[in-house]
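To start, the structure itself, in structure tokens.
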Ligand code: NAP
């Protein structure tokens with residue numbers, strides 16, 4: 001049975017990814033930092049509904065010590081990660097000039113530092129088994145940059161170049177590394193938009209709406225199932241927006 005590790009799985013896109021992979025019969029390792037009750041409730045729900053093993057691990061993926069501890073738990077349970085989905089992320093809306101160093105370092109640590117922490121610890125076992133997939137969750141703002149989201153855009157741009165470089169390092173070991181750059185997806189991350197702002201955003205998107213978290217999860221599952229020759233790609237899914 002294959003095992004998937006999903007960071008940021010307590011809600012939004014991450015919770016939807018967990019459901020799709022459970023439906024496909026994967027064993028799940030689910031992580032989030034703050035929402036312990038929600039993550040445990042999701043774990044119980046998915047293991048009851050799909051009869052799969054679910055291991056919730058609570059902690060901050062931007063902290064290398066926590067990530068090392070998480071992998072120790074994974075190895076103690078005799079699990080090996082076949083698919084790693086680096087989904088945990090945070091956003092910050094506001095002018096760059098109004099941000100403090102602590103604020104921008106926090107965003108970079110959570111959004112790209114976590115990807116490095118997780119990849120660094122998952123790669124040895126994947127190389128040993130000559131098998132594995134890493135999927136990094138990026139954003140269209142990593143491709144083109146967004147006003148008032150300069151640091152978020154930088155963190156996602158870093159994910160894109162890290163993905164392309166790591167794919168080159170790992171292709172000889174039969175490990176595929178891809179990123180998916182989503183446009184606007186309806187999740188708690190965008191809950192700050194007023195009704196009017198959400199309608200204005202939908203008007204800008206040729207598809208006429210935000211994507212759903214279920215569509216995002218379906219796309220991620222397709223990349224996990226894609227032929228081995230797909231690697232090093234930043235796949236955009238944005239309803240034709242950018
Ligand atoms: P969300 O609803 O806010 O969920 C974010 C998840 O990340 C939560 O489970 C959160 O759990 C977790 N998380 C945050 N900081 C963490 C940390 N330090 N350690 C571990 N987990 C952490 O956001 P979403 O919209 O589903 O976004 C998921 C990913 O998609 C993010 O990388 C985001 O940048 C990307 N994305 C989203 C959109 C969009 O429009 N929604 C568009 C493009 C890309 P806790 O707070 O409980 O820790």
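Residue numbers (my numbering): 1 to 242. Ideal Cβ positions, reconstructed from N, Cα and C, are used throughout, including at glycine.
(message) What does the Cβ neighbour count give for residue 229, buried or exposed, with the cut at 16 atoms within 10 Å?
(response) exposed
(message) If you follow the beta strand (DSSP E) that residue 133 is in, where does it begin and where does it stop?
(response) 132-139
(request) Check whether the Cβ of residue 185 lies closer than 8 Å to any heavy atom of the ligand NAP, and answer yes or no. (result) yes
(request) Report the three-state DSSP secondary structure of residue 74 (helix, strand or coil). (result) helix
(request) Please state whether DSSP places residue 31 in a helix, a strand or coil. (result) strand
(request) Starting from residue 166, follow the alpha helix (DSSP H) in both directions and report where the run begins and ends. (result) 150-170
(message) Here's the rule I'm using: 16 or more other beta-carbon atoms within 10 Å means buried, otherwise exposed. How should residue 69 be labelled?
(response) exposed
(request) Using three-state DSSP, classify residue 231 as helix, strand or coil. (result) coil
(message) Rounding to the nearest angstrom, what Cα-Cα distance links residue 92 and residue 187 in this structure?
(response) 15 Å
(message) One question on the structure: do residue 262 and residue 111 come within less than 9 Å of each other, judged by their Cβ atoms?
(response) With the chain covering only 1 through 242, there is no way to say anything about residue 262.
(message) When you compare the CB positions of residue 239 and residue 209, do they come within less than 9 Å of one another, or not?
(response) yes
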